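Numbering (this note's numbering), first residue to last: 12 to 399. C-beta atoms are modelled at their ideal positions from N, C-alpha and C, and glycine is treated no differently. Bear in mind the structure is a predicted one, so any value in this text is a computation, not a measurement.
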Amino acid sequence: MSSMHPLAPLAGARANAPPPPSVHPPAIDNFASLGKKPEMSANTFVPLAAENAFFGHAHQHEHASAPSGLHIRHDFCLEEVLCLHNLPLMDLVFRAMSTHRAVFGSGHRVQLCSLLSIKTGGCPEDCAYCTQSVHHGGAQNVQKLMSLEEVLCAAREAKEVGATRFCMGAAWREVREGAQFESVLEMIRAVRALGLEVCCTLGMLTAAQARRLKEAGLHAYNHNLDTSAEFYSNIVSTHTYEERLQTLAHVREAGIHVCCGGILGLGESVEDRCKMLLTLANQPQHPESVPINALMALAGTPLEGRPRVDAFEMLRAVAVARILMPTAKIRMAAGRQAMSLEAQALCMLAGANSLFFCERLLTAPNSPAEVDLALLAKLGATPMGNEA
Ligand code: SAM
Ligand code: SF4
């Protein structure tokens, strides 16, 4: 029986490619040749430090920091991102996977996040995908702010099944000062005391509110850009992209981690998707979490009946997000339950390392916890600890 050198398949793949620039592995250049069209062909040798990526990291890293040599950029142009997005799929996935390994090491660690709607429906905003909007049926199913006990009960259950991050969502346009905000601050303190990483999504925030959330122990704030600035007005008319960016700036200034991503399948173009990822990657600091949602075309919303997003489109978006924002946690979020386990595994291969892990998203169904745990076990992937 012949024993194969572990690099043999890579060496084979490079048979027609120019030799690497030196005997020593080159620095990890996850953006190599982006935007230089003549070099972007299916046969191009992508000068990633494959050797580093495969052998350089014996340990798994939970909390990402960029290894020396990995290029973290904030100055992308659209052409680069489009070139990356449109690479032959295997080349794109190889780059994404190599970037992931360079940052997080071998094996695969996945953050398990649980989500709870603490105040449901009746939202005055008109986001076209959302059933909680009063404009599309969300007035019929309004539930007032949950009690602290109800929230703690859900948080304990989430922790018991293995979640390390607990995200609380309220269907508000913006946070208002007063008793409800004080209750949310109390919830944050109490959930944090359980040893969970706490995230909230409460709508728009002022700088002062962001500081109070930070003081209460909030780890992360979710506020998605959802799509490109240009396409945004097709989806929402009651607030602007600029207002979203303003809230994100307040979150960042307060020292809270940013969780910000988007949705595929709203009717946007590939260019819109790339523009959204470009906007995220060109922030002065990359978001620590980037949820990638596939539209759930829910009944009663203006987007009802829209075709489902192809799993390969998800794969491309995940891979591009991983390459542009190497240290972020890339989360498979809404729409995951409609993907096959194999497609989800492919997305993890391309760098997805965070899941919404709960039977319900804010209002929509999600993949059951035992199915997710069985998938991780099959892949030999392990849940991450938390940073709180
Ligand atoms: N109200 C908060 C806000 O506006 O930021 C957040 C709540 S919203 C339910 C959280 C995110 O879930 C949205 O920004 C969107 O990206 C995603 N989402 C909501 N409904 C969705 C759907 N039907 N399909 C896919 N993603 C969805
Ligand atoms: Fe309201 Fe958020 Fe739904 Fe928009 S996404 S309608 S802001 S709950």
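N-terminal and C-terminal residue of the alpha helix (DSSP H) that Lys-286 is part of:
281 to 292
Report the residue ranges of all alpha helix (DSSP H) runs contained in full by the segment 231 to 283; include only those spanning at least 4 residues, in chain order.
240 to 243 and 252 to 264
What whole-angstrom Cβ distance do Met-325 and Met-350 have, given they're in contact under 8 angstroms?
7 angstroms
Glu-136: beta carbon under 7 angstroms from a heavy atom of the ligand SF4?
yes
Span separating the alpha-carbon of Glu-254 from that of Thr-338
26 angstroms
Within 8 angstroms of any Cβ in chain D, is that where the Cβ of Glu-253 sits?
The question asks about chain D, but that chain is absent: this structure has only one protein chain.
From what residue to what residue does the alpha helix (DSSP H) around Glu-168 run?
159 to 172
One question on the structure: do Pro-302 and Ala-361 come within less than 8 angstroms of each other, judged by their Cβ atoms?
no
Comparing alpha-carbon positions, which option in Ser-365, Ala-392 and Leu-390 lies nearest Leu-126?
Ser-365
Gln-220 beta carbon near the ligand SF4 (any heavy atom closer than 7 angstroms)
no
Does the count of Cβ pairs from the segment 276 to 283 and the segment 236 to 246 closer than 8 angstroms reach three?
yes
Starting from Arg-176 and walking both ways along the beta strand (DSSP E), at which residues does that stretch end?
176 to 181
Inter-residue spacing [alpha-carbon to alpha-carbon] between Ala-356 and His-96:
19 angstroms
Assuming Cys-134 contacts Cys-178 (C-beta within less than 8 angstroms), just tell me the rounded distance between them.
So it is not a contact: roughly 17 angstroms between Cβ atoms.
Taking the C-alpha atoms as reference points, what is the distance between Val-162 and Ser-378?
21 angstroms
Report yes if the C-beta of Tyr-232 is less than 7 angstroms from at least one heavy atom of the ligand SAM; otherwise report no.
no
Reduced DSSP category for Glu-208 - H, G, I as helix; E, B as strand; rest coil:
strand
Hey, out of Leu-306, Arg-167, Glu-264 and His-111, whose CA is closest to Gln-296's CA?
Glu-264
Round the Cβ separation of Leu-306 and Gly-346 to the nearest angstrom and send it over; I've been treating them as touching at under 8 angstroms.
6 angstroms
Got a sec, what are the start and stop residues for the alpha helix (DSSP H) Phe-115 sits in?
100 to 115
What three-state label does DSSP hand Ala-388 in the structure shown?
helix
Grab me the residues of Leu-207's own chain with a C-beta within less than 8 angstroms of its C-beta, minus the 5 sequence neighbours each way, in chain order.
Ala-166, Ala-169, Lys-170, Ala-174, Thr-175, Arg-176, Phe-177, Asn-397 and Ala-399
By a C-beta neighbour count over all protein chains shown, 10 Å radius and 16 as the cutoff for buried, is His-111 buried or exposed?
buried
Start-to-end residues for the alpha helix (DSSP H) that takes in Cys-124:
Where Cys-124 is concerned, there is no enclosing alpha helix (DSSP H), although the beta strand (DSSP E) it sits in stretches over 120 to 130.
Tell me which residue opens and which closes the alpha helix (DSSP H) that Val-329 is part of.
322 to 335
Coarse secondary structure for Cys-358, derived from DSSP in three states:
helix
For Phe-368, which three-state DSSP category applies?
coil
DSSP on Ser-378, reduced to helix/strand/coil?
coil
Cβ of Arg-120 within 7 angstroms of any heavy atom in the ligand SF4?
no
Would you check if the distance between the CB atom of Leu-256 and the CB atom of Leu-291 is smaller than 8 angstroms?
no
Tell me which same chain residues have a C-beta within less than 6 angstroms of the C-beta of Asn-274, skipping the five on either side of it?
One detail in the question is off: residue 274 reads as Ile in this sequence, not Asn. Once the five neighbours on either side are set aside, the close Cβ partners of Ile-274 are Asp-237, Asn-304 and Leu-306.
What are the residues that DSSP puts in a beta bridge with Ala-345?
Paired residue(s): none; Ala-345 is not in a bridge.
Cutting at 7 angstroms between CB atoms, please list the residues of its own chain near Lys-47, excluding the five before and the five after it.
Residue placement at Lys-47 cannot be trusted, given a pLDDT of 43 that sits under 50; what the coordinates show is reported in the next sentence. Excluding sequence neighbours, Lys-47 sits near nothing in its chain.
So what's Cys-134 in DSSP terms, helix, strand or just coil?
strand
Could you tell me if the beta carbon of Asp-86 falls within a distance shorter than 7 angstroms of some heavy atom in the ligand SAM?
no
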